[in-house]
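First the structure, in the form of structure tokens, and then the observations on it.
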Amino acid sequence: MAGTWALLAQHCAPSAEAGRDAVTLAEVRVLRRVKVERRLAVLRRLARCEQAVAAGDAAYTMHRERFPRAPKHDAARAAEQAEQQTAEVLLNESCALYLEQRGFLVFAGVRSAMDGEKLRAEASSARLRPLILDVTDEKSIGAAGASIADTLGGQGLWALVNNAGTCVSAPLECVSPAQLRQQLDTSVIGSLAVTQALLPQLRLRRGRIVNVSSGLGAVALPYLGAYATGQFAKEGMSDSLRRELRPSGVSVSVVRPGAIMTPLWGKVRETGKKALDQAPDDIAGIYRSPFERFVRLNERRAQLSRTRPEDFARQVFRAVTAPRAKSRYYVGTDVRVATVLSRLLPDAALDRCFAAATRPGR
Numbered sequence: 050m051a052g053t054w055a056l057l058a059q060h061c062a063p064s065a066e067a068g069r070d071a072v073t074l075a076e077v078r079v080l081r082r083v084k085v086e087r088r089l090a091v092l093r094r095l096a097r098c099e100q101a102v103a104a105g106d107a108a109y110t111m112h113r114e115r116f117p118r119a120p121k122h123d124a125a126r127a128a129e130q131a132e133q134q135t136a137e138v139l140l141n142e143s144c145a146l147y148l149e150q151r152g153f154l155v156f157a158g159v160r161s162a163m164d165g166e167k168l169r170a171e172a173s174s175a176r177l178r179p180l181i182l183d184v185t186d187e188k189s190i191g192a193a194g195a196s197i198a199d200t201l202g203g204q205g206l207w208a209l210v211n212n213a214g215t216c217v218s219a220p221l222e223c224v225s226p227a228q229l230r231q232q233l234d235t236s237v238i239g240s241l242a243v244t245q246a247l248l249p250q251l252r253l254r255r256g257r258i259v260n261v262s263s264g265l266g267a268v269a270l271p272y273l274g275a276y277a278t279g280q281f282a283k284e285g286m287s288d289s290l291r292r293e294l295r296p297s298g299v300s301v302s303v304v305r306p307g308a309i310m311t312p313l314w315g316k317v318r319e320t321g322k323k324a325l326d327q328a329p330d331d332i333a334g335i336y337r338s339p340f341e342r343f344v345r346l347n348e349r350r351a352q353l354s355r356t357r358p359e360d361f362a363r364q365v366f367r368a369v370t371a372p373r374a375k376s377r378y379y380v381g382t383d384v385r386v387a388t389v390l391s392r393l394l395p396d397a398a399l400d401r402c403f404a405a406a407t408r409p410g411r
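Next comes the structure, spelled out in structure tokens:
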């Protein structure tokens, strides 16, 4: 008992320790100030980088206006328009052809036999083999897995690239449960179902899984909440898979592309307009103007982006061929900046960045 009292007295009695505690608190305040100043310095450097990129884009535009390119041949223009079918198909085709041209035997999931014939016609060899695959249909997944196993004959599969996806774009208040299920079924549940079906083949080769996410897996933008939900889920699923499969020797990487100018942005506008039209008039009236402004701004950003589908395909190639696969690969300056900002800035600062996009009016 005496020992207890002595301990309490020693703890409560004022001494030089109190002065040292006060100095420590002052040091903590200084360290916090230094940390904030460092964050601000990083943000200033990022702002200067973005200004430099914008200046370069403006100079490039002025150069093209002054010295315009020769008009393309009609056949070339028609081919370019025909190529832009959907964002998902465009990226998948680019990735499949890139890997096939570099010696891989590629099983490319397609939606229909016609899509498969078009893709086969663009290939440089018989190494590209289209497979009809619906990632939301268990029977389709099972049939594709059995076909791959029969073709490989026990050799095993080296890599699986999960890039199936859709984009439900609308204010979350206007997103129906059916639309959200569609987003998650395709982006998350379908990717996991395909992975489960092909894991026995991947284990035979101690192979690799590459899950394609998005910049919205780091920062959730307004009016793309359903899509961001799927991307955050895929990022978390990839982290868990990577840790669970490590004892099997199967690596898991995420490829995170930024804005790429594809027909995706037309789909964003269409699906958002459809959701707003189905919402009650008083609810739709709240969001219609800022949503239209948001779509225009993002279309403009995508148009100015110099990231191309070939850049995406190159990063996928690195993920499946690097001696030691990284956990994440980034495609484009914008996604790198977004990833850094998501780590440095508090939520309140990020919210202020998007405040103008959600403000009614104009």
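In the working numbering, the protein residues as written are 50 to 411. For every residue, glycine included, the Cβ atom is placed at its ideal position computed from N, Cα and C. These numbers come from a predicted model, not from an experiment.
Residue burial classification, residue i (beta-carbon count within 10 angstroms, cutoff 16)
i: Ile190; result: buried
i: Gln250; result: buried
i: Cys144; result: buried
i: Ile332; result: exposed
i: Asp330; result: exposed
i: Arg286; result: Going by the sequence as given, residue 286 is Met instead of Arg. The residue is buried, with at least 16 neighbouring Cβ atoms inside 10 Å.
i: Gln280; result: buried
i: Pro395; result: exposed
i: Phe116; result: For Phe116, the predicted structure reports a pLDDT of 36, less than 50, and the residue's modelled location is therefore unreliable. The matter cannot be settled from this model.
i: Asp383; result: buried
i: Glu166; result: exposed
i: Thr200; result: exposed
i: Lys283; result: buried
i: Ala404; result: exposed
i: His112; result: Note that His112 has pLDDT 34, beneath the 50 cutoff, so the model's placement of it is unreliable and the number below is only indicative. Its Cβ having fewer than 16 others within 10 Å, His112 is exposed.
i: Gly346; result: Per the sequence shown, the amino acid found at residue 346 is Leu instead of Gly. Flag for Leu346 reads exposed.
i: Glu142; result: buried
i: Cys402; result: exposed
i: Ser302; result: buried
i: Pro296; result: exposed
i: Gln364; result: buried
For residue i, the first and last residue of its enclosing beta strand (DSSP E)
i: Ile309; result: Element bounds for Ile309: n/a, residue is neither H nor E.
i: Gly158; result: 155 to 159
i: Val259; result: 257 to 261
Residues bridged to residue i [DSSP beta-bridge criterion]
i: Tyr378; result: Val304
Enclosing alpha helix (DSSP H) for residue i [first to last residue]
i: Pro339; result: 330 to 353
i: Thr407; result: 404 to 407
Assigned secondary structure, residue i (DSSP; H/G/I helix, E/B strand, else coil)
i: Pro452; result: No statement about residue 452 is possible, as the shown extent of the chain runs from 50 to 411 and does not include it.
i: Leu270; result: coil
i: Phe281; result: helix
i: Ala172; result: coil
i: Gly152; result: coil
i: Val317; result: helix
i: Val299; result: coil
i: Thr356; result: coil
i: Pro249; result: helix
i: Leu394; result: coil
i: Arg113; result: Confidence at Arg113 is low in this model, with a pLDDT of 35, below 50, so the placement of that residue is unreliable and no value is reported for it.
i: Ala104; result: Model confidence at Ala104 stands at a pLDDT of 40, short of 50, so the residue's coordinates are unreliable and nothing is read from them.
Pick out the complete beta strand (DSSP E) segments inside the stretch 174 to 244, 3 residues or longer, and give them in chain order.
Annotation: the stretch 174 to 244 contains the following complete segments of the beta strand (DSSP E) (minimum length 3 residues), in chain order: 177 to 181, 208 to 211.
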